[in-house]
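For the record, in the sequence shown the residue sitting at position 216 is 309 according to our numbering, with numbers rising by one throughout.
C-beta atoms are modelled at their ideal positions from N, C-alpha and C, and glycine is treated no differently.
Beneath this line is the structure, given in structure tokens, with notes to follow.
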Amino acid sequence: ERQDDEVRVVEYINHPTLYFEDGNTILSCSSTLFCVHRSILSKHSTVLKNLLDSLDKKSLRGCRHFIMKEGADDIEALLNVIYEGLRVDLPNITVESSPLLSSTLRMCTKYKIEHHDAKMLASRIQQARNAPYIPQNGVNVPNPQYDANAALQEDLIIHPGSVISLLRECGYDSPVVLAPLFYALSRGTWQFGGCAVGHHIAPLSHADVERLIIGVERLRTYHADFVTQLPSFPALVAAHKAQCEAGIRKYWATLGPTMLRATSGSRQPIEDWFSVITQARANPNILSSYSVCAECAKLALAEMDRRREALWTNMPAYFELEG
């Protein structure tokens, strides 16, 4: 074995918690030293095992010495997962904790750390703010972490473009994971341009930029079709068809101006449909004022639910995330 002459002049600093006196392997990142246990690292990562088994045998302080390309923060995140598991407050990922968690996920992916919490972390990062609805028992329900007003406080949220890039890099790229993030990014198009032009899509690949453009056009087109195309109910008996269906059509004709000319325009169709449906369901007088009976009002609300669900279900197809 040989001493690593080229780093002898460095003034080393032992990491405060990850320099074990009984360790037998030293990892160095610039001037920071980590003294760890070869058997533990090899057990958790085949990539690290191959590195530690390499023929290049440098030594430092009587231990095998490996100079790491990553920064000290990244290696710290990796070793913390190996030694302590993934101890993060998963339900409350914030913009402050996101950089550390992103680093952890990248390092776990790079070094193939098979830790079940890493998959949970990937899921929670993408759900933390950007998905307004999440699967629960097979049904999409409002995400308790989602803040519809967060667009006014952009610096307080985890940007969906960055999350898309991170998840792509780490291989968590299923349509179910990515579709809510592309939708969240499409909701923020009002922020595009200005002095920070290009900032919002900078993390995306060229292919994902094109997916965003295509998806925005398709989503808003289908949304406009749904609010302007009047429904029909062929199963209604003649008496109800004459009065109730006519009333439903009159009510439906008001949805276009209400939903397409709203403050947010057509950027948040999932939320806008939810709002209109909730109001109509909570206040029966809305439809009854158009001479629609209670039973036919239920049919109208069911059709509104169906159209909203169709928008959400087809989100992966709108953004070219399938196949």
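How would you label Val-140, buried or exposed, when you count the other beta carbons within 10 angstroms and need 16 or more for buried?
With fewer than 16 other Cβ atoms within 10 Å, it is exposed.
Between the alpha carbons of Gly-155 and Arg-199, how many angstroms are there, rounded?
Just so you know, the alpha carbons of Gly-155 and Arg-199 end up roughly 31 angstroms apart.
Buried versus exposed call for Ile-206 [16 or more other C-beta atoms within 10 Å across all chains shown]:
So Ile-206 counts as buried.
Which term fits Asp-115, buried or exposed, when burial requires 16 or more other beta carbons within 10 angstroms of its beta carbon?
Around the beta-carbon of Asp-115, fewer than 16 other beta-carbon atoms lie within 10 Å, marking it exposed.
Within 8 angstroms, do at least three Cβ pairs link the region 336-347 to the region 382-393?
Contact between the region 382-393 and the region 336-347 is present, because at least three Cβ pairs lie under 8 angstroms.
Spatial neighbours of Asp-301 within its chain, please: CB distance less than 7 angstroms, with the 5 preceding and 5 following residues excluded, ordered by chain position.
Correct list, in chain order: Ile-257.
Is DSSP giving Phe-113 helix, strand or coil here?
In this structure, DSSP gives Phe-113 a state outside helix and strand, which the three-state scheme calls coil.
Pairwise C-alpha distance: Leu-278 and Lys-334:
Looking at the backbone, the Cα of Lys-334 and that of Leu-278 are separated by about 42 angstroms.
Taking 6 angstroms as the limit between beta carbons, can you name the residues of its chain near Phe-159, skipping five residues before and five after?
Beyond the five residues adjoining it in sequence on each side, Phe-159 comes within less than 6 angstroms, by CB distance, of Leu-120 in the same chain, given in chain order.
Starting from the C-beta of Pro-268, find all residues in its chain whose C-beta is less than 7 angstroms away, skip the five residues before and the five after it, and write them out in chain order.
These residues qualify, in order along the chain: Pro-409, Leu-414 and Glu-415.
Distance CB(Cys-337)-CB(Leu-329) smaller than 8 angstroms
Yes, they are a contact pair.
Once you ignore the five residues that flank Cys-263 on each side, which residues in its own chain have a CB closer than 7 angstroms to its CB?
Contacts found: Leu-198, Arg-199, Thr-202 and Ala-215.
Going by other Cβ atoms of all chains shown within 10 Å of its Cβ, with 16 needed for buried, is Glu-169 buried or exposed?
Burial call: buried.
What are the boundary residues of the alpha helix (DSSP H) that Leu-134 is part of?
Segment 131-137, the alpha helix (DSSP H) holding Leu-134.
Would you tell me roughly how many angstroms separate the C-alpha atoms of Ile-175 and Phe-412, rounded to the nearest one?
Roughly 37 angstroms between the two C-alpha positions.
Quick check on Asn-376: does DSSP put it in helix, strand or coil?
Coil at Asn-376, not helix or strand.
Is it buried or exposed, Gln-372, if we count other Cβ atoms within 10 angstroms and call 16 or more buried?
Exposed: under 16 other Cβ atoms inside 10 Å.
Taking the straight line between their C-alpha atoms, what separation do you get for Lys-391 and Ser-255?
If you take the alpha carbons of Lys-391 and Ser-255, they lie about 41 angstroms apart.
Kindly indicate which residue of Leu-260, Ile-106, Leu-353 and Thr-118 has the alpha-carbon position closest to the one of Ser-196.
For Ser-196, the nearest C-alpha among the options comes from Leu-260.
Let's test the definition: count the other Cβ atoms within 10 Å of the Cβ of Gln-361 and tell me whether it reaches 16, buried, or not, exposed.
Of the residues assessed, Gln-361 falls on the buried side of the cut-off, its CB having 16 or more other CB atoms within 10 angstroms.
What residue from Glu-310, Phe-326 and Arg-354 has the CA that sits closest to Leu-394's CA?
It is Phe-326.
Can you look up Arg-342 in the DSSP assignment and give me helix, strand or coil?
Three-state result, Arg-342: helix.
Judging by CA-CA distance, which residue of His-299, Leu-305, Asp-149 and Ser-298 is the nearest neighbour of Leu-274?
For Leu-274, the nearest C-alpha among the options comes from Leu-305.
Gln-322 to Ser-298 span [Cα, whole Å]
Distance between the alpha carbons of Gln-322 and Ser-298 is about 36 angstroms.
Among Cys-389, Val-309, Trp-366 and Tyr-265, which residue has its Cα nearest to the Cα of Ala-339?
Closest in C-alpha terms to Ala-339, from the list Cys-389, Val-309, Trp-366 and Tyr-265, comes Cys-389.
Rounded to whole angstroms, what's the CA-CA distance from Phe-127 to Phe-113? Just pull it up for me.
So the alpha carbons of these two residues sit roughly 8 angstroms apart.
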